[in-house]
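Following: one structure in structure tokens, then a few remarks.
Numbering (the numbering used here), first residue to last: 16 to 408.
In structure tokens:
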């Protein structure tokens, strides 16, 4: 049993050290990681105290052990709250600590009440672990669109740990009333409970690493897909979406159209007002474009002051859409640090042909229509030639 307790203490210390490395070395979720590190280290301290406590100091050190266990669970729960970007709530910590204080009052007034104190401690554990299970089950799908089975997998070790405390309390109660179960240190029950905690804690720590790694991967994917100035999709993503749409058109024959857009006189805006003002204008243009797209549309910044919209419409629908965008852009000047800047936009609309081998051909026709709009005075919408009608025998 001593070997198991020592192994558990070392395991918890290693978890704490690893999360310190994650926070300070890799700088990943530092507030979250440091709370998790503190939780594991505090629980390691409690385990060490339980392992090496002299019998004469048992009453005092029991309080230290109980406090360290509850504090560890609260720190782990707060780390999950921060990971989910929720405000910290201290009611759980206060309520659990109140229960611990009541346990000590009961210990002083009625020393021979081990069963009652065990169930009170189990209640304190439930107060600390319950919100953790809830946050993992409900918070992960809500905040990160994590599939519910994955969220349930992350919550499972916490639920099992809570169940272990309930079983422990039940066995202690049974032993107290029947005297047929040996509960001395080193008993089979103690060994089983300790091994169970080794497994559950390992599973839970692995789940935490998985959550952080998964979140980091999602951030990297977002960075790879997003234009950093405007938060719109970038050119690479738009080309991929157009290739998918073109493949669908070749299978089903359902036409699509695109709208190529270019901000008028953008070089003059940069030269007159400065590049910071130019960036402000691009961000505002992106915001206004987003106000004119639907959930099924795809919008991207193609580079510089050029944007492309896949509006999931044919040419007629795309022309109406483009007209709304043109009016919206010209209606209100953009407020920048250098003052108000009036803007207009030119747009070119093109529809796919059956003879098109790929989406690049459609983009080329939209570009040509856009430059006709520029040549005709800007602040205009021009359409490329329509797709030829199918011939009938």
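Yeah, the Cβ is synthetic: ideal placement off N, Cα and C, and Gly gets one too.
With fewer than 16 neighbouring CB atoms inside 10 Å of its own CB, residue 67 falls in the exposed class. When Cβ pairs closer than 8 Å are counted between the two stretches, the stretch 272–280 is seen to touch the stretch 322–331, the count reaching three or more. Using a Cβ distance threshold of 8 Å, residue 220 and residue 136 do not count as a contacting pair.
Each residue's CA atom was taken as its position, placing residue 376 and residue 29 some 58 Å apart. With 16 or more other CB atoms across the displayed protein chains lying within 10 angstroms of its CB, residue 48 is buried. In chain order, 272, 273, 377, 380, 381, 384, 399 place their CB closer than 7 Å to the CB of residue 365, counting only its own chain and leaving out the 5 sequence neighbours on each side. The beta carbon of residue 291 is closer than 8 Å to those of 351, 352, 353 in its chain, skipping five residues each way along the sequence. Counted as a single uninterrupted DSSP element, the beta strand (DSSP E) harbouring residue 355 occupies residues 354–356. A distance below 6 Å between beta-carbons, with the five flanking residues on each side excluded, links residue 329 to the following residues of its chain, in chain order: 270, 272. Distances from the CA of residue 335 to each of 286, 247, 395 were compared; the closest alpha carbon is that of 395. In the three-state reduction of the DSSP assignment, residue 275 falls in the strand class.
For the 8 Å CB-CB criterion, residue 143 and residue 95 do not form a contact.
Going by DSSP, residue 83 is part of the alpha helix (DSSP H) stretching over 73–98. No residue range can be given for residue 311, since it is assigned to no alpha helix (DSSP H) and is classified by DSSP as neither H nor E. In this structure the stretch 97–109 lies against the stretch 148–166, because at least three pairs of beta carbons, one per stretch, are closer than 8 Å. Residue 139 sits away from residue 173, with the two beta carbons spaced by 8 Å or more. According to the DSSP secondary-structure assignment, residue 248 is paired through a beta bridge with 241, 315. In the DSSP assignment, residue 170 falls outside any beta strand (DSSP E) and within the unbroken alpha helix (DSSP H) covering 163–193.
Fully contained in the stretch 349–393 are the following alpha helix (DSSP H) runs of length 4 or more, in chain order: 374–390. Residue pairing of residue 322 in beta bridges, as defined by DSSP: 276, 316. Counting along the chain, no alpha helix (DSSP H) covers residue 396; the unbroken beta strand (DSSP E) around it starts and ends at 396–398. Contact between the stretch 366–373 and the stretch 298–311 is absent, with fewer than three C-beta pairs closer than 8 Å. Around the Cβ of residue 109, a 10 Å sphere holds fewer than 16 other Cβ atoms; the residue is exposed. Counting only the Cα atoms, residue 293 lies some 56 Å from residue 176. If the five residues before and after residue 348 are omitted, its C-beta is found closer than 8 Å to the C-beta atoms of 355, 356, 357, 358, all from its own chain and listed in chain order. Taken through DSSP and simplified to helix, strand or coil, residue 218 comes out as helix. Per DSSP, residue 270 lies in no alpha helix (DSSP H) and is assigned neither H nor E.
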